[in-house]
Every structure is written in C-alpha cells, then in structure tokens.
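First to last, the sequence lines map onto chains A and B. Per the working numbering, the very first residue in the first sequence carries number 115; after that it's consecutive. Per the working numbering, the very first residue in the second sequence carries number 251; after that it's consecutive.
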Amino acid sequence: MNTRELTCIVCPRGCQLTAVLNDDGSVTVKGNTCKRGEEYAKAELTHPVRTLTTTVRTADGSVLPVRTAQPIPKELVFKAMKAVNALVLDRPVTFGDVVIADILGTGVDLIAAGIWNNVK
Amino acid sequence: MITKELVIIGGGPAGMSAAVAAFDAGVRDLLIIERDVKLGGILRQCIHNGFGLHRFGEELSGPEYAYRYEKMVAEREIPVKLNTMVLDITSDKVITATNSTDGVFQIKAKAVILAMGCRERPRGALAISGTRPAGILTAGTAQKLVNMKGCMPGKNVVILGSGDIGLIMARRMTLEGAKVHAVCELMPYSGGLARNIEQCLHDFDIPLYLSTTVVGIEGKEHLEAVTVAQVDDKRRPIPGTFRRIECDTLLLSVGLIPENELTKQAGLTLSPVTNGAPVDQDRMTDIEGIYSCGNVLHVHDLVDYVPEEAAIAGKSAAAYIKGDYSPAEAIPVKTDGKVRYTVPQKLTTRDEARLFFRVANIFRNVRIFVKDGENEIFSLKKIKVAPGEMESITLKKEVMEKLSGGELYIGMEVGE
C-alpha cells in the first residue's frame, strides 16, 4: 500500500486529498469534493498528467498562445516544449485550431489559444 | 460635448461583462473605453489554463476566457474605443479622454462603471537596499515579455513574493529554460493558491522559502546577485541567516493595488483596506450613478468572480439609467479585523445579499457570524480560511427583511 497526501490542482479550491494505492492496483481517494478530484488523484498515483500552456513563434516574429487540448503525461512536458519551440507557425489559425496534431504521439493535439493571421 | 447613457472605463473581464449585462438590461447608448490595443485586459497575457471552471464549466486559458466575452461584446455591437486613455472623471460624470484620432474629448455620462483593474506593487514600494541594476521587474511585466513579446528577461531567477503571478511565472520561466533558484515569501504562509504551489513549484522542484525576504541587491549594469534572509515574527531579518544567490533576474510578486487614480479624481474616498471605493450591493459607490467592479474595487483571486460582480454593476447601472433606483436607508457592514473587509461595505436593499470577504490570516476550524446589533443572524463553520482565498456568505431575503437598520457586524471565532 502506498498512501500520498496531495493538493488537487483541478480547480482553485485546491482540496487536500489522501490517495491510497491498494495492492490490487486500485486507488482509494478521500478529501475530494468532486469527481474530477478523484480522477486527478488516481492519475497522480498511476500516471500523472498535466496540461501544457505555452507560446509558439509565428512567421512575423510574434508569439501566439497555445495549449494541449487535454493533459499529456507529465514526464513529456519538457519534450513537448522542445517540439513547440522548434516550430515557426506560418499558416493562419484561430482559437481551437490544431497547431501540432498528436504531439509526441500522445494522441493529444496542441491547439491555438489565440488568433494569428498576419501571413506575408 | 458628447453624451452617453453609460460609459465603462476598462475593457478587461469586468468592463466587458458590465457592458454585456447593461446591454442585456436594455441600455443601447453605451461605450467601453480601453487604453490597450485590444479588449481582454490582463487575461491576454495569462496564457496558463485554469480559468472558467466555475463560469463556463471548462478549463480555459486567459486569452480564451477573454475571447468569450469579446465575442459577447461584438455580438451585441457594443461600441468600443481602443487605444484610448481616460484622463479625468468629475463627480458629475464628465469624462475626459484622449486618443490619436479623436484628440482630447469629453463625454457627459448618465452612469459610469469603473473597471480599470489593478497593477502590481513595484520595487519602490519595498525599500530593498542595494544598487538599481536592470533585471528587476514585476512578475506581470515578465509575464508580458515572455507570453506576448516572446522575450526571456533572464536565465537565473529569484522570485520575491509567492502571489499567484509569481508562482505561475516560476513555472513559465522554467518551461522556457530558465533556472528558478528560489521563491521567497516574507509571510509564514504563501499568498498564492494551493494548486499553484503544487503545479508550479512542486512539479519542478522549485524551493519556496517562507518567512524569508530579499535584503540586498548587487550588480552595476545588470543584476548579479541577491541576498536573502529569514525574518522573525516581526518581519525583521535574522542575523546569521543571510545567503547570497547569484542571479540575473529578480521577479517581484508582492501584491496588487487597485488602479484608482480616476476614482479619486471623481472625488471618491477609498477604503484603506481594499484600496478601492466602498460600494453598496449594486456596486454603486458613494456618488450616485458611479459604479465600481472587478479588481479596481478589490483584488480578486479568481477571474470567475469578476464578471459576476461586474454583471451586478452593469444591471444596476441599467436600472439607474431608467430611473428605477430607490435605495433603502444604508446599513453599514463592519468587520472584526480577523475578517479584514467585506464587499459590499453597505447595504441599501432588503433583498437577498451576498457578502464577499477576506480574512487576515490562515485560520482553521472557524465560525463566521453576522450580528445585527446584539442579535446573531447568520453563522457558518469552515475548516480552513486563508487570506489568498476570497469567501462569501449569503443573507437570505427573510433575514434581510428583519434587519433592525443598525450596522451589521461580521466576525469570526477561531477554534482549536
């Protein structure tokens, strides 16, 4: 059995969670006030994930906010940063458009969180 | 002179929401004045996620959240003047503003909503000794440089203050390849949200030093090092705890101040606790027809409360413009110090009233109570309250209708 005290990051409430990884691989969560909290704690004990928010360079030299549409495995965050920083966006995008599809094979898209259309 | 029924000063989440609410309540002759190049306010540079869970039921980034309101403004064709700076407001609601196309112009408004937001406390407010090199900036300035200009201010960072912007920037600078050596917090607790300590510091093994401050700054042209020290319970540096940290960047996240220069010019007196104008439940200030909402009224920790509060101001301003305004005798709301302040600070209604408040310290197992004279009319137990997290209570209509008319007192008992 493996017990961990966690601070939930799902919403600003920041619930204090106690999560127990049972011998059969199941997770018991206490202290959460919503379903998302339980899911968060389970993921933390089995395979932690994070939403990445950053910016991507554009062809006119500005930067555009982007984020992963869903959380990605936590250990891939810096690798994903490298992939985003290697890119120069040269096609117009608006909110929600895919900037990098299936980033690092995670099945999660990196999407635009802004508008860029200053194509020369 | 141009006349307008309603002028909203500031096009951030508060100003946009107030405008939308006023429009939906029937106001058509209105104008938003915004000094920046676009609507959105500070949300435009807050590219991190976590906004909107309460309001929209999804986790959005700041620009996405702002865009939702920008669209609502555009759908209603609410007029907006961008790149326009308001220079003055008088108590009889004459606004003087300027921009590069209209020059200096004046608008006489029936009602005004103040939604100018807040700004960060700068180095000058801290009295840190040492030289004055480049490389010392507020966390919000760094946020703008990194997220909107694509420029990194430095590579080796120390952060003073553990407010949310400081924590968010600790993560952001780390993601972009900088090393954040320390986050120092003067107080024995962090002013930031627990989730941000978790996901911005713990995730990246960034140390948070509580009861610690920066006591020295070195560097001639550019910052070379800072000296940090632990402080005692009177916040004085403790000899023998001084430590030098080499760095090229010092970010300050040491508090926000509502931007109330215009409010003062209108002749309003600010609360020394909130640094905003005191208001009633409609968010009307002491001047009839002038409203205040969002971070200019009091600093909010969650953006979701801002449009909610601003919508109250917008709706109330619409009623006032229509002549539908008949306040009851004002009931002042006082606090005991453990509860630092409430918004609103007075009630001119006997309808249901929601009081937002902040506490002075971290307290556990508390009972919050409201007294009408000697008579306790409300009580609520909480496991934990913290200065960084705004709380609220709601006084139901049946409670409000029975009020004596004397002042209300909101206090807190702290258990074991």
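Glycine included, C-beta positions come from ideal geometry on N, C-alpha and C.
Contact of R181/A with chain B is assigned, a C-beta pair being separated by under 9 Å. Distance from the Cα of Q449/B is smallest, within the candidate group A610/B, I378/B, Q515/B and G416/B, for G416/B. Under the three-state reduction of DSSP, T585/B is assigned to strand.
Contact check for G564/B against I363/B passes: the beta carbons are separated by less than 9 Å.
T169/A reaches chain B at I297, N397 and G400, counting residues in chain order whose Cβ is nearer than 7 Å. When 8 Å is used as the limit between beta carbons, L443/B is near these residues of chain A: P126 and G128, in chain order. The residue among E538/B, Q295/B and Y541/B with its C-alpha nearest the C-alpha of V396/B is Q295/B.
For Q130/A, the pairing in a beta bridge is given by DSSP as T121/A. For K331/B, the three-state secondary structure derived from DSSP is strand.
Interface residue (Cβ-Cβ distance to chain A less than 9 Å): Q449/B is classified as such. Between V124/A and I409/B, the alpha-carbon positions lie close to 25 Å from each other. Taken in chain order, the unbroken stretches of alpha helix (DSSP H) that lie wholly in the region 594 to 653 of chain B and span 4 residues or more are 647 to 651. CA-to-CA, the gap between V170/A and M322/B works out to about 27 Å. When C-beta atoms of the region 428 to 437 of chain B are compared with those of the region 283 to 302 of chain B, fewer than three pairs fall below 8 Å, so the two segments do not count as touching. Residue environment for E320/B: buried (at least 16 other C-beta atoms within 10 angstroms of its C-beta).
For the pair L653/B and K399/B, the Cα-to-Cα distance works out to about 54 Å.
One finds nothing in chain B with a Cβ atom closer than 9 Å to the Cβ of G139/A; even the nearest lies about 24 Å away. Against chain B, a Cβ distance below 9 Å from G228/A picks out R294, I297, S311, P313, E314 and Y317.
A buried status is given to L552/B, since no fewer than 16 other beta-carbon atoms sit within 10 Å of its beta-carbon. Residues of chain B with a Cβ closer than 7 Å to the Cβ of I123/A are, in chain order, R445, E448 and Q449.
In the three-state scheme derived from DSSP, where H, G and I count as helix and E and B as strand, F209/A is classed as coil.
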